[in-house]
Amino acid sequence: MPVYAFEAMDNAGAEVKDTIEAGSEQEAQTLIRQKGYFPTRIVEKGRGKKDKGKDPKKKKGAANQKKKKTFAFGGVNAKTLCTFTRQLSTLQDAGLPILRSLRILEGQAKPGALKNTLIDVIDDVESGSTLSEAMGKQPKCFDNLYVNMVKAGEAGGALEVILQRLAEFKERAQSLKRKIQGAMIYPAAVITVATGIVGFIMYYIIPKFKKIFEGFGVELPPMTVALIWTSDVVVNYFYLGPLIPLSIWLSIKLIKKNKTGAFVVDWLSLRIPLLGKILQKGIVARMTRTLGTLIASGVPILESLSIVRDTAGNTVFYKAFQNIYSAIREGEPMAIPLKEAKIVDDMVVNMVEVGEETGALDNMLYKVADVYDEEVAVLVDGLVSMLEPIMVVVLGLIVGFIVIALFMPLVKLLNDLS
210 MPVYAFEAMD
220 NAGAEVKDTI
230 EAGSEQEAQT
240 LIRQKGYFPT
250 RIVEKGRGKK
260 DKGKDPKKKK
270 GAANQKKKKT
280 FAFGGVNAKT
290 LCTFTRQLST
300 LQDAGLPILR
310 SLRILEGQAK
320 PGALKNTLID
330 VIDDVESGST
340 LSEAMGKQPK
350 CFDNLYVNMV
360 KAGEAGGALE
370 VILQRLAEFK
380 ERAQSLKRKI
390 QGAMIYPAAV
400 ITVATGIVGF
410 IMYYIIPKFK
420 KIFEGFGVEL
430 PPMTVALIWT
440 SDVVVNYFYL
450 GPLIPLSIWL
460 SIKLIKKNKT
470 GAFVVDWLSL
480 RIPLLGKILQ
490 KGIVARMTRT
500 LGTLIASGVP
510 ILESLSIVRD
520 TAGNTVFYKA
530 FQNIYSAIRE
540 GEPMAIPLKE
550 AKIVDDMVVN
560 MVEVGEETGA
570 LDNMLYKVAD
580 VYDEEVAVLV
590 DGLVSMLEPI
600 MVVVLGLIVG
610 FIVIALFMPL
620 VKLLNDLS
C-alpha cells in the first residue's frame, strides 16, 4: 500500500508532519481528517522521482482538473456554513494566511455548493479582492450579515476574533433551531399517524358499514348520517387532502407579494395564541443577537440596523426597525423609537437604554437575546406539554364519535329483530 507524507494543522494550530498508509490520496486525506487534523499538503513517498521527466503542462492540467466545480442544487445549509465558519476561525487563530486557510477548507470540503463557492472565493482572493468582497459575490452562501462582519474584521485587523464571534452566533442560532425542531417531532409524528388511521377508517371501513346498513334498510340516526357523509367526501374527494393545505400556502405566498398583504399576514401570525408569542420572541432574540454581534464587531450602528432590518423576516419588525433607523439617523437614542414600536417588552427597552448610557449596548443586546432564547425554549416545551393532552382528548372524541355512530344503528337493528 502506498505511503503518503503529509503536513497538517491540529486543533490548537500546531503544525504536524507524519506519514500514513492509504490506497489513494483521497483516502489518505480522509484518514488524516479522522485523526482531527487539517491536511495542508499530501505527497506520495517516491512520487517526486517517478514524476521526473513528465510534462509539467500535464501536471498543471491535472491540478486544474481538481478545481472543477461539481453540479449542486440550492445554496449552503446552515449547519455546513456553521462548521466552515468555526474551522476558518480556528485556522485564522492559528496564524495561517487567509488564502492558505481557504485552500485547506476547500480541499477537505465535500463536492457540493460550499466547495463550488470556495473555489470562486479563492479565485477572487488570488486576483486581489479582499475576503469580504469575494464573499459578497456569493449571496447564496454568505448573507449581508456574514459579509459585513468579515469586512469589519478586515478593517479592524481582527478577522480571527470576528470569525469566532460569527461562529458562536451561528452555533447559538443552530442550537435553538435544533431544540425547537426536536421538541416538535413527537407531536408531528402523533398527528401524522392519527390522521393516517382516521383516513383509513373513513376510506375503507365506513363504506363497508354503509352497505350493511343499506342492506338491512334500517333508519340511521343523525350521527351515523353525518359519519357516512364525511366518509363519502373522503372517498370521492380524497385528492383535496393535500390540495387544500397547498392552496392555503400558495394563497399566503401570493398575498405576501403585496406590501399591505404581507403586513396583515405577519401581524396576524404574531396574534396566534402561544405560537405568535413563540414567533415574536424568536424574532426578537435573533435580531438582538445579530445587532449585538454586529456592533461588537465594529460595524457602524446605522449599517447594523440596516442589516438587521433586512434580515427580520417579518414585515411588522421590518417597519419597526425602519422607524428606529430613521430616528437614530436624526440623532435620537435607540431606546425611544424602540419603545414607540411596541415590539418588545419594557424590560428590553430599559436594558437598551442602560446599554446606550454605559456604552455597553452590545453586551445588553446579548443579554436580551439570552433571556428571549430561554423564554422561547420554555414556551416550546409548554406548547409540547399542552399538545399531548389536547391530542389525546381530540383523538378520543373522534374515535368515540365513530364508535357510537356505527353502533347506534346496530343496536336499533337488534332491538327491532328482538
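According to our numbering, the sequence shown is numbered sequentially starting from 210. Don't be surprised by glycine CBs; every beta carbon is placed ideally from N, CA and C. What you are looking at is a predicted structure, and each value in this text was computed from that prediction instead of being measured.
### Task
Locate the beta strand (DSSP E) running through Glu230, then write down its first and last residues.
224-230
### Span of the alpha helix (DSSP H), counted from its first residue to its last, around Phe193
For residue 193 there is no data in the structure shown, the boundaries of the chain being 210 and 627.
### Query
Quick one: what does DSSP say Pro248 is sitting in, helix, strand or coil?
strand
### Query
Is any heavy atom in the ligand SAM found nearer than 7 Å to the beta carbon of Asn353?
With respect to the ligand SAM, the structure shown offers nothing to examine, as it has no ligands at all.
### Query
What are the boundary residues of the beta strand (DSSP E) that Ala214 is part of?
212-218
### Message
Helix, strand or coil, according to DSSP, for Glu428 in the structure here?
### Response
coil
### Query
Does the segment 606-623 come close enough to the segment 537-548 to have 3 or more Cβ pairs within less than 8 Å?
no
### Query
Leaving out the 5 sequence neighbours to the left and right, which residues in its chain are closer than 8 Å to Asn273 when beta-carbon positions are compared?
Confidence at Asn273 is low in this model, with a pLDDT of 43, below 50, so the placement of that residue is unreliable and no value is reported for it.
### Task
Give, in chain order, every unbroken run of the beta strand (DSSP E) that is at least 3 residues long and sits entirely within the segment 316-362.
none
### Message
Quick check on this structure: which residue in Ser594, Leu596, Val589, Ile611 has the alpha carbon closest to the alpha carbon of Lys388?
### Response
Val589
### Message
Just to confirm before moving on: does the CB-CB distance between Tyr575 and Arg498 stay below 8 Å?
### Response
yes
### Task
Report the partner residues of Glu541 according to the DSSP bridge assignment.
Note: Glu541 sits in no beta bridge, so no partner.
### Query
Do Ile533 and Leu547 have their CB atoms nearer than 8 Å?
yes
### Task
Mind checking which residues open and close the alpha helix (DSSP H) that includes Gly284?
From DSSP, Gly284 is part of no alpha helix (DSSP H); its letter is neither H nor E.
### Query
Based on the DSSP output, what are the partners of Glu253 in its beta bridges?
Tyr213
### Query
Exposed or buried, what is Thr524 when buried is set at 16 or more other beta-carbons lying within 10 Å of its beta-carbon?
buried
### Message
Can you give me the C-alpha to C-alpha distance between Thr299 and Leu368, rounded to a whole angstrom?
### Response
11 Å
### Exposure label - Asp332; buried when at least 16 CB within 10 Å
exposed
### Touch test, the segment 461-477 against the segment 331-350, Cβ-Cβ under 8 Å, three pairs minimum
no
### Message
Using 8 Å for Cβ pairs, my map puts Ala364 next to Gly507. What's the rounded Cβ distance?
### Response
7 Å
### Task
Express the C-alpha separation of Tyr246 and Leu305 in angstroms, rounding to a whole number.
14 Å
### Task
Enumerate in chain order the residues of its own chain whose CB-to-CB distance from Ser341 is below 7 Å, with the five nearest sequence positions on each side excluded.
Val356, Val359, Lys360, Glu363
### Message
Can you list, in chain order, the residues of its chain with a C-beta nearer than 8 Å to that of Ile229? Leave out the 5 residues immediately preceding and following it.
### Response
Val212, Tyr213, Phe215, Ala237, Leu240, Ile241
### Task
Check Pro306 in the structure and name its three-state DSSP category.
coil
### Alpha carbon of Ile461 to alpha carbon of Val474, nearest angstrom
8 Å
### Message
Please list the terminal residues of the continuous alpha helix (DSSP H) segment that includes Tyr395.
### Response
368-409
### Message
What ranges does the alpha helix (DSSP H) occupy inside the segment 456-499, keeping only unbroken runs of at least 4 residues that lie completely in it?
### Response
468-478
### Message
Just to confirm, is the Cβ distance from Val577 to Val557 under 8 Å?
### Response
yes
#### Entry: Rounded separation between Ala271 and Tyr446 - CA only
Residue placement at Ala271 cannot be trusted, given a pLDDT of 40 that sits under 50; the coordinates are not used to answer.
### Segment contact flag, the segment 313-324 with the segment 388-400, C-beta cutoff 8 Å, min 3 pairs
no
### Query
Would DSSP call Val580 helix, strand or coil?
helix
### Query
Rounded to a whole number of angstroms, what is the C-alpha to C-alpha distance between Ser440 and Pro416?
7 Å
### Query
Mind pulling the beta strand (DSSP E) runs of 3 or more residues that sit fully within the segment 587-622?
none
### Query
Should Tyr581 go down as buried or exposed, given a rule of 16 or more other Cβ atoms within 10 Å for buried?
buried
### Message
So, at 8 Å on beta carbons, what are the nonlocal neighbours of Met218 in its own chain, with the 5 sequence-adjacent residues on each side left out?
### Response
Glu224, Val225, Tyr246, Phe247, Thr249, Leu300, Ala303, Leu305, Ile313
### Query
Between the Cα of Ala318 and the Cα atoms of Ser338, Ile307, Ser336, Leu290, which residue gives the shortest distance?
Leu290
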